[in-house]
DNA sequence: AACTCGGGGCA
DNA sequence: TGCCCAGAGTT
C-alpha cells in the first residue's frame with residue numbers, strides 16, 4: 174500500500190500532467206449542476222454538455238421540469254444514454270426539491286442520495302463542486318487509478334476506496350485530488366492499454382511495474 | 001455481487 | 001458494425 178508521501182507525489186505529478194483539471198460539466202448554480210451530474214451517469218461529460226447547453230435555456234427551475242410532459246423532457250435529452258429513466262428521475266427529483274426543500278438543492282449526503290438518480294458519486298460531486306464542501310467522488314476512473322497505483326486494495330468496494338482516499342489525502346485537497354485522478358484516469362491511465370512506459374508514476378505504481386515487466390529496453 | 005438500463009464515440 | 005466507455009437501482 175502506498176504511503177501518504179507517495180500518494181502526495183502521485184497527486185503532484187498528476188497536477189503537472191493536467192494543470193487544468195476541473196469539473197467539466199456546465200453549470201451556473203447548484204440546481205443546474207445537480208441536473209448535469211444526474212444526466213452524466215454512464216455518459217461522458219462532453220455528451221452531457223451538448224445537451225445541457227440548450228436544456229438550461231429552456232428549463233431554469235424545478236417547476237419548469239415538472240410542467241412539461243415526460244415525453245417532451247425525454248426528447249429534449251434524447252442524445253444521451255439512459256435518457257428515458259433519467260428524464261423520469263429528474264421530474265421526480267424536481268418534485269421532491271419543491272415539496273421538501275423549498276425548491277433548493279439539499280446539502281447533506283443523505284438528503285442528496287435519497288433523490289432518484291442520485292447515488293454516492295453524484296451526491297459527492299454536487300457537494301464538492303456546487304457547495305465547496307470537501308468530498309471525494311469516486312467514479313470508475315478514481316477507483317481504477319487508486320487500485321492500480323496501490324492506494325487501496327484490488328478487492329475494495331467503492332465505499333472502501335473513498336474512505337481510504339479521505340484518510341490518506343488532506344481534507345483541503347479532496348476536491349482537486351479527485352479531479353486530477355479523473356483526468357489522469359481518463360486521458361493517461363486508461364482502462365485499456367495504459368501507456369505505463371511513459372508514466373511519471375511508474376516507479377511506484379504497483380500495476381505499472383507488473384505490466385512493464387520484461388518490456389523495458391536495456 | 002451480479003445484472004440491467006441505453007446512448008455516443010471510435011476502430 | 002461491433003466493442004468499449006460511463007453509475008444507479010434492484011434483486
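In our numbering, the protein residues as written are 174 to 391.
We treat Cβ as the ideally placed atom computed from N, Cα and C, and that holds for glycine.
* Do the CB positions of residue 324 and residue 341 come within less than 8 Å of each other? -> yes
* Asked: Can you tell me whether DSSP reads residue 408 as helix, strand or coil?
  -> The displayed coordinates of the chain run from 174 to 391. Any statement about residue 408 would go beyond what the structure contains.
* Given that a residue counts as buried once 16 or more other Cβ atoms are within 10 Å of its Cβ, and exposed if not, what is residue 314? -> buried
* Asked: Just reading off the alpha helix (DSSP H) that residue 256 is part of, what are its end residues?
  -> 256-273
* Asked: Would residue 225 be called buried (16 or more neighbouring beta carbons within 10 Å of its own) or exposed?
  -> That one is buried.
* Neighbourhood of residue 306 by C-beta distance below 8 Å, restricted to the same chain and skipping five residues each side -> 280 and 300
* Euclidean distance between Cα positions of residue 317 and residue 234 -> 36 Å
* To do: Would you mind stating whether residue 304 and residue 335 have Cβ atoms separated by less than 8 Å?
  => no
* Would you kindly check if the distance between the Cβ of residue 269 and the Cβ of residue 155 is under 8 Å? => Only positions 174 to 391 of the chain appear in the structure, and residue 155 is not among them; the question remains open.
* **Integer Cβ distance of residue 256 from residue 250, believed to fall under 8 Å** => 5 Å
* Asked: Cβ atoms of residue 206 and residue 302: under 8 Å apart, would you say?
  -> Cβ distance < 8 Å, so residue 302 and residue 206 count as in contact.
* Asked: Could you give the uninterrupted runs of the beta strand (DSSP E) lying entirely in the segment 174-253, keeping only those of 3 residues or more?
  -> none
* Determine the extent of the alpha helix (DSSP H) in which residue 353 is found, giving its start and end residues. => The continuous alpha helix (DSSP H) containing residue 353 extends over residues 347-356.
* Classification of residue 437 by the beta-carbon crowding that lies within 10 angstroms, buried from 16 upward -> Because the chain is modelled from 174 through 391, residue 437 falls outside the range shown and cannot be assessed.
* **For residue 271 and residue 236, believed in contact at Cβ under 8 Å, the rounded distance** => 7 Å
* Which two residues bound the contiguous alpha helix (DSSP H) that contains residue 436? -> Beyond the ends of the chain as shown, which are 174 and 391, falls residue 436; an answer cannot be given.
* Asked: Helix, strand or coil for residue 319 per DSSP?
  -> helix
* Anyone know if the C-beta pair for residue 321 and residue 194 falls short of 8 Å? -> no
* Asked: Which residues mark the beginning and the end of the alpha helix (DSSP H) in which residue 374 is found?
  -> That residue, residue 374, is in no alpha helix (DSSP H); it is neither H nor E in DSSP.
* Asked: Which residues in the same chain have their Cβ closer than 8 Å to the Cβ of residue 274, if we skip the five residues on either side of it in sequence?
  -> 284
* Cβ distance (whole Å) where residue 243 is taken to contact residue 261 below 8 Å -> 6 Å
* Asked: Alpha carbon to alpha carbon, how far is residue 369 from residue 381?
  -> 6 Å
* Using a threshold of 8 Å, state whether the C-beta atoms of residue 295 and residue 221 are closer than that. => no
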